[in-house]
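J.: Those letters in the sequence shown? Residues 17 to 524, per our numbering, in order. Where a beta carbon is used, it is the ideal one built from N, C-alpha and C, also for glycine.
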Amino acid sequence: MAMSIVFVGLHPIVVVLACALISLATVLIHRVFFASLSRIPGPKITALTQLWIMYHEFKGDRTIQIDKLHSRYGPVVRVSPVEVSFNNYESLREIYGIKSTFSKSSFYDLFVYYNTRNTFTSLDKPNHSAKKRLVADRYTKSYVMQPSVADKVRGHASAFMKQVSSQGPVLDVYTWLHYYALDSITNHLYGIYGTQTLSAPEHRGIVYDLSGVKHRARLYMLHYFGWAMSLKTQLVSIMRKISGQSTAFHVRGNRLNDYGEVSVSSFRRDQTTKDTISTCSKLFNQIPNNEPAIAAECMDHLVAGVDTTGDAMCILMWRISTPEYTHVQDMLFQELSSIKDAFDPLTRTAPITALDKLPYLDAVIHEAMRWRPPVPMTLFRIVPPTGAVISDHVIPGGTTVGCQAYSLHRVEEVFPNPDLFDPTRWLTEDAAHLTAMRNHFWPFSSGGRMCLGHNLAMVEMKLIVAAVYMHYKTRVTPGVTEESMRMDDQLTSGVPHALSCSLDFVAR
Ligand code: HEM
17 MAMSIVFVGL HPIVVVLACA LISLATVLIH RVFFASLSRI PGPKITALTQ LWIMYHEFKG
77 DRTIQIDKLH SRYGPVVRVS PVEVSFNNYE SLREIYGIKS TFSKSSFYDL FVYYNTRNTF
137 TSLDKPNHSA KKRLVADRYT KSYVMQPSVA DKVRGHASAF MKQVSSQGPV LDVYTWLHYY
197 ALDSITNHLY GIYGTQTLSA PEHRGIVYDL SGVKHRARLY MLHYFGWAMS LKTQLVSIMR
257 KISGQSTAFH VRGNRLNDYG EVSVSSFRRD QTTKDTISTC SKLFNQIPNN EPAIAAECMD
317 HLVAGVDTTG DAMCILMWRI STPEYTHVQD MLFQELSSIK DAFDPLTRTA PITALDKLPY
377 LDAVIHEAMR WRPPVPMTLF RIVPPTGAVI SDHVIPGGTT VGCQAYSLHR VEEVFPNPDL
437 FDPTRWLTED AAHLTAMRNH FWPFSSGGRM CLGHNLAMVE MKLIVAAVYM HYKTRVTPGV
497 TEESMRMDDQ LTSGVPHALS CSLDFVAR
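1) With DSSP as the reference, label H409 as helix, strand or coil.
2) Restricting to Cα atoms, I'd like to know which of G76, T117, E73 is closest to R397.
3) Expressed to the nearest angstrom, what Euclidean distance is found between the alpha-carbon atoms of F50 and T65?
4) Should D505 be labelled buried (16 or more other beta-carbon atoms within 10 Å of its own) or exposed?
5) Using the rule of at least 16 other Cβ atoms within 10 Å of the residue's Cβ for burial, across every protein chain shown, is I258 buried or exposed?
6) Shorter than 8 Å, the distance from the beta carbon of F460 to the closest heavy atom of the ligand HEM, or not?
7) Using beta-carbon positions only, say whether G321 and S200 come within less than 9 Å of one another.
8) Using beta-carbon positions only, say whether C419 and W458 come within less than 9 Å of one another.
9) Within the present structure, is the beta-carbon of A41 separated from the nearest heavy atom of the ligand HEM by less than 8 Å?
10) Where does T490 sit, in a helix, a strand or coil, going by DSSP?
11) Indicate the three-state DSSP secondary structure (helix, strand or coil) for S423 in the structure shown.
12) Please classify Y129: does DSSP put it in a helix, a strand, or coil?
13) Quick one: what's got a C-beta closer than 7 Å to V430's C-beta in the same chain, skipping five residues either side?
14) Output the boundary residues of the alpha helix (DSSP H) element that contains G276.
15) Does the Cβ of M466 have 16 or more other Cβ atoms within 10 Å, making it buried, or fewer, making it exposed?
16) Indicate, with yes or no, if the ligand HEM has a heavy atom lying under 8 Å from the CB of V229.
17) Going residue by residue through the segment 158-212, where are the continuous beta strand (DSSP E) segments of at least 3 residues, counting only ones entirely within it?
18) Between which residues of its own chain and I355 is the CB-CB distance below 6 Å, once the five residues before and five after are set aside?
19) Hey, out of Y422, Q350, S461, whose CA is closest to M78's CA?
20) Could you give the distance in angstroms between the alpha-carbon of F437 and the alpha-carbon of L108?
21) Can you grab the Cα-Cα spacing for the pair D357 / M393, in whole Å?
22) Go through its chain and collect everything with a Cβ distance to G469's Cβ below 7 Å, but skip five positions before and after it.
23) Skipping 5 residues on each side, what residues in its chain have a beta carbon closer than 6 Å to that of T338?
24) Would you mind working out which of V48, R271, W334, V186 sits nearest I222, comparing C-alpha positions?
25) Would you call E313 buried or exposed, if buried means 16 or more other Cβ atoms sit within 10 Å of its Cβ?
26) On the three-state DSSP scale, how would you describe D446?
27) Between which two residues does the alpha helix (DSSP H) containing L37 stretch?
28) With distances taken Cα to Cα, identify the nearest neighbour of T292 among A197, H343, Y206.
29) Leaving out five residues on either side along the sequence, give the residues of the same chain with a beta carbon under 7 Å from the beta carbon of V160.
30) Mind listing, in chain order, the continuous alpha helix (DSSP H) runs of no fewer than 4 residues lying wholly within the segment 75-109?
31) Please report the Cβ distance between Y190 and S461, rounded to the nearest whole angstrom; I am assuming they are in contact, meaning their Cβ atoms lie under 8 Å.
32) In the DSSP assignment, find the unbroken alpha helix (DSSP H) run with L348 in it and report its ends.
33) Measuring alpha carbon to alpha carbon, tell me which of M70, I381, I331, T363 ends up nearest Y236.
34) With a Cβ-Cβ cutoff of 9 Å, do K489 and I381 count as a contact?
35) Nearer than 8 Å: is that true of the beta carbon of A370 relative to any heavy atom of the ligand COA?
36) Are R133 and L139 close, meaning C-beta to C-beta below 9 Å?
Structure follows, in structure tokens:
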């Protein structure tokens with residue numbers, strides 16, 4: 017009544033505008049002073065609006081900005097009116113632990129391929145468990161370490177070494193390591209239909225689509241403004257249908273779509289190959305009549321296995337090729353020399369069983385992924401409808417929460433001097449400290465949704481790092497700088513800003 021008196025005699029447009037302003041002010045005042053998340057530490061702007069975090073997402077420095085917030089406000093920080101970031105082991109266990117009931121957020125819808133959810137994109141526990149059960153045994157340590165599997169990866173490491181000899185002395189390891197990662201994962205997935213990008217150019221376009229361009233802006237547009245983007249997608253689908261191509265949508269482009277589809281259907285047609293090792297063979301055995309689900313599952317492993325592993329190896333080689341860290345190469349060489357007889361002179365590689373026993377090699381790989389995790393950003397989860405208490409903070413149901421590896425790996429009490437690249441920190445004999453480091457080491461996530469491919473990734477990394485540093489010293493070339501290699505957030509990886517890293521290979 018009082019309100020309507022105030023508006024008497026005003027033009028209707030003015031009344032509408034005034035009402036809109038009052039409503040907006042009410043929402044904002046509620047967010048800043050009364051909403052449950054207003055009591056979580058953080059700058060006022062993040063209580064007021066999501067625009068601040070969106071700005072940093074589009075800019076590519078979300079991870080760094082959240083890290084700065086943790087340095088300033090502590091382990092629990094509000095990053096938007098609907099999201100809280102946590103940075104301690106206690107929260108990590110609560111959100112991602114094996115008993116967690118936090119589901120994945122709709123953010124993961126961006127990675128649904130062939131219109132079918134796969135292990136990675138299943139949001140809730142029952143769906144996820146059913147999908148994961150179909151393929152998990154292909155990625156256990158004992159499975160990927162057996163010669164019939166690991167020797168295939170070794171073959172790709174050998175192909176990489178051949179390229180170093182023939183293309184060298186300068187090689188863009190960013191690109192060539194992504195070729196290596198693609199060949200390793202696709203041969204594990206599709207058997208004889210895997211790629212051979214290291215030795216033949218045919219499928220190199222796939223690596224370009226995955227790792228040679230930045231998809232960040234387009235993917236965030238899809239995430240936030242999907243309704244507007246879907247019109248364009250529909251048009252592209254129609255055009256592809258007219259030209260007789262697959263119409264399934266792939267956020268990384270159609271070459272990947274087509275390759276994934278063709279590989280799976282070729283595999284089905286040609287089951288006479290009696291391949292029993294690949295992921296595809298297992299899936300055809302389990303769900304023989306569901307080709308879209310097989311293609312979707314394999315495509316996810318492909319995408320998950322290229323940028324991550326490729327970036328990890330690239331960052332490692334770059335870091336130890338800069339003048340302040342080249343001593344790491346010498347220590348690697350010293351350790352590798354202790355098993356020099358295990359190296360085959362023809363392929364210049366050693367069997368994974370021998371490499372897996374080397375503590376310094378393991379420490380260098382751990383340190384590279386600690387110092388610059390390939391997936392440095394928040395892994396979004398949604399608080400169950402009943403709400404939760406995380407790290408002594410009451411968080412309402414439906415809130416987006418998460419931890420980010422980049423910040424967990426910089427918790428000063430666990431990793432003193434965290435910006436120093438120091439593999440020897442992993443060789444400590446202080447058991448309690450080592451346990452604390454392992455608890456905070458999170459490049460592959462943890463719990464029920466931990467990376468499925470981490471054992472395969474470790475095999476790939478150990479084989480290549482050993483082969484290179486047994487035979488070469490590497491040095492950065494002039495264009496490779498801290499700036500060109502700085503972390504540039506995409507949606508699910510933190511890529512080197514320049515998307516290239518040319519190193520000089522000097523034979524030992
Ligand atoms: C250094 C290399 C790798 C890193 C750092 C890495 C990291 C991760 C991380 C952080 C997650 C959790 C994602 C989330 O919860 O949003 C994940 C999940 C996953 N990764 Fe990896 N990954 C690597 C290599 C691979 C490879 C080679 C494969 C090949 C199979 C793979 C397959 C998967 C799958 C299928 C999931 C989903 C697991 C699930 O939801 O149960 N990853 N990875």
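T.: This is what the structure holds:
1) Secondary structure at H409: strand, using DSSP grouped into helix, strand and coil.
2) Its Cα nearest to that of R397, the residue T117 stands out among G76, T117, E73.
3) Roughly 14 Å separates the two Cα atoms.
4) Residue environment: D505 is assigned as buried (16 or more neighbouring CB atoms within 10 Å of its CB, all protein chains considered).
5) The residue is exposed, with fewer than 16 neighbouring Cβ atoms inside 10 Å.
6) Yes.
7) G321 places its beta carbon less than 9 Å from that of S200.
8) The answer is yes: Cβ separation under 9 Å.
9) Taking 8 Å as the cut-off, one finds no heavy atom of the ligand HEM near enough to the beta carbon of A41.
10) T490 falls in the strand class under three-state DSSP.
11) In this structure, S423 counts as helix in the three-state DSSP scheme.
12) Residue state for Y129 is assigned as strand, using DSSP reduced to three classes.
13) Within its own chain, the residues whose Cβ lies closer than 7 Å to the Cβ of V430, once the five positions on either side in sequence are excluded, are A452, M453, H456, listed in chain order.
14) Run containing G276: 270-285, per the alpha helix (DSSP H) assignment.
15) Looking at its Cβ environment, which holds fewer than 16 other Cβ atoms inside 10 Å, M466 is exposed.
16) Flag unset: Cβ of V229 not near the ligand HEM.
17) Taking only runs of at least 3 residues, the beta strand (DSSP E) segments lying wholly in the segment 158-212 are 186-188.
18) Closer than 6 Å at the Cβ level, and outside the excluded window around I355, lie A370.
19) It should be noted that the sequence gives Arg, not Met, for residue 78. The option with the nearest alpha carbon to R78 is Y422.
20) Distance between the alpha carbons of F437 and L108: 24 Å.
21) Annotation: D357 to M393 spans about 41 Å, alpha carbon to alpha carbon.
22) For G469, where only same-chain residues beyond five positions count, the Cβ hits under 7 Å are Y155, H317, A320, G321.
23) Closer than 6 Å at Cβ, skipping near neighbours: V492.
24) When each option's Cα is compared against that of I222, the closest is R271.
25) For E313, the number of other beta carbons within 10 angstroms of its own is at least 16, and it is reported as buried.
26) Coil.
27) For L37, the enclosing alpha helix (DSSP H) stretches over residues 28-45.
28) The closest CA to that of T292, considering only A197, H343, Y206, is found on Y206.
29) Only A166, N471, L472, V475 meet the Cβ criterion.
30) List check, alpha helix (DSSP H) in window: 78-89.
31) Not quite, the Cβ-Cβ distance comes to about 24 Å (not below 8 Å), so this is no contact.
32) Note, L348: alpha helix (DSSP H), 343-353.
33) Checking every option, the nearest Cα to that of Y236 belongs to M70.
34) Against a cut-off of 9 Å, the Cβ pair of I381 and K489 comes out as no contact.
35) For the ligand COA, the structure offers nothing, since it holds only the ligand HEM.
36) Contact: yes.
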